[in-house]
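Q: In terms of my numbering, the numbers along the sequence shown are unbroken and rise by one, the last being 357.
Glycine is no exception: its CB is placed at the ideal position from the N, C-alpha and C atoms.
All values reported here derive from a predicted model rather than from experimental measurement.
Below are the structure tokens for one structure; questions will follow.
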Amino acid sequence: MSKKIILTGGGTAGHVTPNMALIPELKKKGYEIKYVGSYTGIEKKLIEEMGVEYQGISSGKLRRYFSMKNFSDPFRVLKGFKEAKKIMKDYNPSIVFSKGGFVSVPVVLAAKKYKIPVIIHESDMTPGLANRIAMKGASVICHNFPETAASLPDGKAVLTGSPIREELRHGDKAAGLKSLDFTPDKPVIMVMGGSLGAVAVNNAIRGALDELLDKYQIIHLCGKGKLDESLKNIPGYKQFEYVKSELTNYFAAADLLVSRAGANAICEIAALQKPNILIPLSRKASRGDQILNANSFKKQGFSEVIEEEDVTKESLVNMINQVYDNREKYIDAMAKSNNNDAITTILDLIEKNAK
């Protein structure tokens with residue numbers, strides 16, 4: 003009998019990349035894989051490029067604020083649940099692995115209806131709304147931070163860490179510098195605002211370009227639709243909406259990272275032992291999970307943190323210089339951390355819980 007698994011998760015790259023890290027290892031273990039995501043989310047393109055069967059369902063968002071879409075989205079969720087039930091019935095997977103995001107909720111609930119085991123992965127310090135709804139149907143809930151266990155149901159929590167794509171560890175620095183037309187004589191900063199971009203981070207970096215480019219070269223991953231055409235021919239500064247195939251080489255080329263504090267992004271940064279400055283998403287635009295993630299990393303000595311409201315040209319330049327000058331301190335702290343082998347741990351859980 004063939005082993006079948008459904009992977010789900012979407013909305014941002016952070017809900018997809020851990021699944022992408024698991025896919026090569028699941029294939030090695032003989033699993034037939036289907037990915038269920040939204041019709042047009044970022045996950046569709048990323049997963050189809052890996053040669054995995056993809057099936058879209060209707061998806062709605064559960065908002066904590068007033069929006070006219072709050073009246074129509076419940077119907078989208080119900081439609082998604084109906085579509086997910088049909089997928090479960092037709093495909094009959096041995097297990098479902100969910101990385102979260104609102105598209106995952108109807109998938110997990112449909113699996114529960116058909117008594118299909120579900121493993122959920124919660125990356126952030128505290129569970130998001132989608133996972134809080136979905137966790138009732140889960141057999142196991144994997145998590146990144148030790149503190150998270152207190153927020154999870156007794157007997158279900160397993161500290162696994164986050165699956166890191168193996169290829170990220172094997173970048174070629176020289177190839178990265180060459181493709182960017184950068185010199186090996188100046189340090190490289192890579193700025194990552196998340197797959198959707200970060201306006202505050204983008205503006206601060208661009209406002210400080212004159213000063214920063216005296217000392218550094220900059221790779222700027224600015225998010226979809228956020229390129230600044232007026233800056234495209236500046237030597238030592240390269241901007242991209244999103245990078246896929248070259249990302250491993252760009253990570254290898256980077257001496258310092260400026261990033262949002264999404265859990266998967268910062269776990270990749272820690273695994274690669276890159277000195278970094280985290281600018282978490284403001285509480286005004288989120289539930290504050292990135293602030294908790296960032297402060298945990300600062301406490302462990304991995305990172306420095308600037309709150310979004312405190313980001314200015316001066317604060318950013320000063321912090322970049324401080325972290326770069328003391329970079330060995332951060333590298334040492336990350337090297338000494340006891341990172342779990344998340345992929346092996348999660349694969350073991352999948353094998354043990356699959357029906």
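Specify, as a first and last residue, the run of the beta strand (DSSP E) that Ile59 falls within.
A: One-based indexing of the sequence shown puts residue 59 at position 57. Here the beta strand (DSSP E) through Ile59 covers Glu55 to Ile59.
Q: In its own chain, which residues sit with a C-beta less than 6 angstroms from the C-beta of Lys114, not counting the 5 before and 5 after it?
A: Within the sequence shown, numbered from 1, the residue matching residue 114 stands at position 112. Cβ within range, chain order: Gly139.
Q: Using 7 angstroms as the threshold, is the C-beta distance between Thr10 and Val54 below it?
A: Within the sequence shown, numbered from 1, the residue matching residue 10 stands at position 8. Within the sequence shown, numbered from 1, the residue matching residue 54 stands at position 52. Not closer than 7 angstroms, so no.
Q: Just to confirm, are Ile122 and Ser153 a CB contact at a threshold of 7 angstroms?
A: Here residue 122 is taken as the residue at index 120 of the sequence shown, counted from 1. Here residue 153 is taken as the residue at index 151 of the sequence shown, counted from 1. No. Outside cutoff.
Q: Identify whether Cys224 lies in helix, strand or coil by the three-state DSSP scheme.
A: Taking the sequence shown and counting its residues from 1, the one referred to as residue 224 is at position 222. Of the three classes helix, strand and coil, the one that applies to Cys224 here is coil, per DSSP.
Q: Around the C-beta of Tyr33, are 16 or more other C-beta atoms found within 10 angstroms, so that it is buried, or is it exposed?
A: In the sequence shown, counting from the first residue as 1, residue 33 sits at position 31. Buried.
Q: So, using beta-carbon positions, are Ile361 and Met52 closer together than 7 angstroms?
A: Residue 361 is absent from the model: the chain starts at 3 and stops at 357.
Q: Taking its Cβ as the centre, do 16 or more other Cβ atoms sit within 10 Å of Arg208, making it buried, or is it exposed?
A: Reading the sequence shown from its first residue, position 206 is the one you call residue 208. Buried.
Q: Tell me which same chain residues have a C-beta within less than 8 angstroms of the C-beta of Asp174, skipping the five on either side of it?
A: Taking the first residue of the sequence shown as 1, we reach residue 174 at position 172. The residues are Thr250, Asn251 and Ala254.
Q: What does the alpha-carbon distance come out to for the pair Phe73 and Leu80?
A: Within the sequence shown, residue 73 is the residue found at index 71, counting from 1. Within the sequence shown, residue 80 is the residue found at index 78, counting from 1. For Phe73, the pLDDT reaches just 49, beneath the cut-off of 50, and the residue's location in the model is therefore unreliable, although a value from the coordinates is still provided. Looking at the two C-alpha atoms, the distance is approximately 12 angstroms.
Q: Throw me the rounded Cβ distance for the Lys158 and Val142 pair, which I believe falls under 8 angstroms.
A: For this step, residue 158 is matched to residue 156 along the sequence shown. For this step, residue 142 is matched to residue 140 along the sequence shown. With a Cβ gap of about 6 angstroms, Lys158 and Val142 count as contacting.
Q: For the beta strand (DSSP E) holding Ala15, just list the boundary residues, first then last.
A: As a first step, residue 15 is located in the sequence shown; it is residue number 13 there, counting from the start. It is not in any beta strand (DSSP E) - Ala15 carries neither H nor E in the DSSP assignment.
Q: Please name the residue, chosen from Pro277, Ala112, Ser61 and Ala132, that lies closest to Met336 on a Cα-to-Cα basis.
A: Here the question's residue 336 lines up with position 334 in the sequence shown. Of Pro277, Ala112, Ser61 and Ala132, the residue nearest in Cα terms is Pro277.
Q: Buried or exposed: which applies to Thr185, given that a residue is buried once 16 or more other Cβ atoms fall within 10 Å of its Cβ?
A: The residue you call residue 185 lines up with position 183 of the sequence shown. By the neighbour-count rule (16 or more Cβ atoms within 10 Å), Thr185 is not buried but exposed.
Q: Residues in the same chain with beta-carbon distance under 7 angstroms from Ile345, minus the five sequence neighbours each way, listed in chain order, please.
A: Position 343 of the sequence shown holds residue 345. Excluding sequence neighbours, Ile345 sits near Ala23, Leu24, Glu27 and Pro165.
Q: Quick one: measure Cβ to Cβ for Leu274 and Leu170, integer angstroms, because I've assumed they're closer than 8 angstroms.
A: In the sequence shown, the residue the question calls residue 274 occupies position 272. In the sequence shown, the residue the question calls residue 170 occupies position 168. Rounded, the Cβ-Cβ distance is 6 angstroms, consistent with contact.
Q: Can you tell me whether Tyr326 is helix, strand or coil according to DSSP?
A: For the purposes of this step, residue 326 is identified with residue 324 of the sequence shown, where counting begins at 1. Helix.
Q: Quick check: what's the CA-CA separation for Arg65 versus Met137?
A: Residue 65 sits at position 63 when you count from the first residue of the sequence shown. Residue 137 sits at position 135 when you count from the first residue of the sequence shown. Residue placement at Arg65 cannot be trusted, given a pLDDT of 46 that sits under 50; what the coordinates show is reported in the next sentence. Answer to the nearest angstrom: the Cα atoms are 18 angstroms apart.
Q: Across which residues does DSSP place Lys5 in a beta bridge pair?
A: Position 3 of the sequence shown, counted from the start, is the residue given in the question as residue 5. Lys5 pairs with Tyr33.
Q: Figure out for me which residue from Asn205, Val203, Tyr239 and Met194 has the closest Cα to the Cα of His216.
A: Locating residue 216 in the sequence shown gives position 214, where the first residue counts as 1. Looking at the sequence provided, one finds Asp at residue 216 rather than His. Per the Cα distances, Tyr239.
Q: Classify Asn295 as buried or exposed, calling it buried when 16 or more other Cβ atoms lie within 10 Å of its own Cβ.
A: The residue you call residue 295 lines up with position 293 of the sequence shown. Buried, because 16 or more other Cβ atoms sit within 10 Å of the Cβ of Asn295.
Q: Just the C-alpha distance for Leu111 and Ala206, rounded to the nearest angstrom, thanks.
A: For the purposes of this step, residue 111 is taken as the residue at position 109 of the sequence shown. For the purposes of this step, residue 206 is taken as the residue at position 204 of the sequence shown. Cα to Cα, the separation comes out at about 42 angstroms.
Q: Can you find the residues in the same chain that come closer than 6 angstroms, C-beta to C-beta, to Ile271, ignoring five residues on each side of it along the sequence?
A: Counting from one through the sequence shown, the residue named residue 271 turns up at place 269. Within the same chain, Ile271 has close Cβ partners Leu259 and Asn278.
Q: Go through its chain and collect everything with a Cβ distance to Leu211's Cβ below 8 angstroms, but skip five positions before and after it.
A: Along the sequence shown, read from residue 1 onward, the residue named residue 211 stands at position 209. Same-chain partners within the cutoff: Ile220, Leu233, Ile236 and Tyr239.
Q: From Ile59 to Pro119, what does the alpha carbon distance come to, in whole angstroms?
A: Start at 1 with the first residue of the sequence shown, and residue 59 comes out as number 57. Start at 1 with the first residue of the sequence shown, and residue 119 comes out as number 117. Roughly 20 angstroms between the two C-alpha positions.
Q: Mind pulling the beta strand (DSSP E) runs of 3 or more residues that sit fully within the segment 120 to 203?
A: Listed in chain order, the complete beta strand (DSSP E) runs (minimum 3 residues) inside the segment 120 to 203 are 120 to 124, 142 to 145, 159 to 161 and 190 to 194.
Q: Taking Thr162 and Thr347 to be in contact with their CB atoms under 8 angstroms, please state how far apart those CB atoms are, rounded to whole angstroms.
A: One-based indexing of the sequence shown puts residue 162 at position 160. One-based indexing of the sequence shown puts residue 347 at position 345. Rounded, the Cβ-Cβ distance is 5 angstroms, consistent with contact.
Q: In the structure shown, what three-state DSSP assignment does Ser100 receive?
A: Taking the sequence shown and counting its residues from 1, the one referred to as residue 100 is at position 98. Reduced to three states, the DSSP call for Ser100 is strand.
Q: Quick check on Gly290: does DSSP put it in helix, strand or coil?
A: By one-based count along the sequence shown, residue 290 stands at place 288. Of the three classes helix, strand and coil, the one that applies to Gly290 here is coil, per DSSP.
Q: Is it true that the CB of Gly102 sits closer than 7 angstroms to the CB of Asn146?
A: Reading the sequence shown from its first residue, position 144 is the one you call residue 146. Reading the sequence shown from its first residue, position 100 is the one you call residue 102. No; because the gap between Cβ atoms is not below 7 angstroms, this pair is not in contact.
Q: For the beta strand (DSSP E) containing Phe253, name the first residue and the last one.
A: Position 251 of the sequence shown, counted from the first residue, corresponds to residue 253. Segment Leu249 to Ala255 is the alpha helix (DSSP H) holding Phe253; no beta strand (DSSP E) there.
Q: Could you tell me which of Phe304, Glu330, Asn355 and Tyr326 sits nearest to Pro189, measuring between CA atoms?
A: As a working mapping, residue 189 is identified with position 187 in the sequence shown. If we check each option's Cα against that of Pro189, Tyr326 comes out closest.
Q: Taking the alpha helix (DSSP H) that Leu233 falls in, what are its first and last residues?
A: As a working note, residue 233 is residue 231 in the sequence shown. Per DSSP, Leu233 belongs to no alpha helix (DSSP H) and is neither H nor E.
Q: At what residues does the alpha helix (DSSP H) containing Ser339 begin and finish?
A: Numbered from its first residue, the sequence shown carries residue 339 at position 337. Looking at the DSSP string, Ser339 is not in any alpha helix (DSSP H), and its letter there is neither H nor E.
Q: Apart from the five residues just before and just after Ser305, which ones in its own chain have a Cβ nearer than 6 angstroms to its Cβ?
A: Here residue 305 corresponds to residue number 303 of the sequence shown, with the count starting at 1. Hits under 6 angstroms: Asn278, Leu280 and Phe299.
Q: Among Asp156, Gly303, Glu330 and Ser284, which one has its Cα closest to the Cα of Glu311?
A: If you number the sequence shown from 1, residue 311 lands on position 309. With distances taken between Cα atoms, Glu311 lies closest to Ser284.
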